[in-house]
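For reference, the structure discussed in these notes is given below.
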Amino acid sequence: MNMLLRFFIMTHLLKQQLKSQAVRKTLSQEMLTAPIIRRYRVLPHDMGFRDHLPNYRYLSFIELNITRWLMACCHQKGIKNLQWVIAMQEMVYLKEIKFLDKMSVDSQLAGWDKKYVYFETRFFVKDQLMGVGMTKFVLMDKKDKCAPSVLDMVDEQLTDVINTWNKHQVAIKALPKSR
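Heads up: the sequence shown runs through residues 27 to 205, numbered per my numbering.
Right under this line is the structure:
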């Protein structure tokens with residue numbers, strides 16, 4: 027319930043903010059790669075039974091940031107009804123985030139290819155890196171998948187981390203289907 031409430035508040039505030047901005051024909055590299063930084067306090071409804079932020083909550087915070095990024099990009103381009111669907115997601119947990127910690131969630135476009143968009147998200151408490159998440163997703167309109175070029179991401183822009191991550195996914199898909 028908490029994430030849903032946070033989502034509606036975030037979208038409402040973002041829509042208010044975007045009303046005053048003009049629509050552009052193309053998105054700049056600056057606009058695409060500008061970090062999305064949101065700050066939260068870890069509240070009781072965020073907690074798991076082990077007295078720290080549970081794994082699934084990290085993924086929910088990532089979803090809030092990527093949705094915010096996509097809404098801003100779509101508004102700038104004048105695109106309606108563009109959604110995103112996760113193809114792969116991975117978290118590396120470095121330290122526990124505890125009850126009442128003030129957390130900063132920093133997401134940034136890491137790259138893209140002809141089909142997917144890649145985001146990196148970092149979680150901080152008091153400037154201490156607590157975890158890093160990678161998200162790979164596909165853009166979708168009402169009918170079908172959309173190439174990243176719909177948001178002016180042309181050619182490919184991939185890092186060594188993304189290439190290694192994709193090789194890992196290919197290796198997992200190649201595993202035997204049964205034991």
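From the three backbone atoms N, C-alpha and C, an ideal C-beta is built for every residue, glycine too.
Problem - Distance, residue 104 Cα to residue 82 Cα - result: 32 Å
Practice task
Helix, strand or coil for residue 165, going by three-state DSSP, please let me know.
Solution key: strand
Problem - Rounded C-alpha distance that separates residue 65 from residue 170 - result: 34 Å
Practice task
Let me know if residue 202 comes out buried or exposed under the rule of 16 or more other beta-carbons within 10 Å of its beta-carbon.
Solution key: exposed
Problem - C-alpha gap between residue 162 and residue 113, whole angstroms - result: 5 Å
Problem - Contacts around residue 107, its chain only, beta-carbon distance under 7 Å, and the 5 residues preceding and following it disregarded - result: 167, 168
Handout entry: Inter-residue spacing [alpha-carbon to alpha-carbon] between residue 138 and residue 122
Key = 30 Å
Handout entry: C-alpha gap between residue 131 and residue 198, whole angstroms
Key = 29 Å
Exercise for the section: With DSSP collapsed to three states, give me the class of residue 133. Expected result: strand
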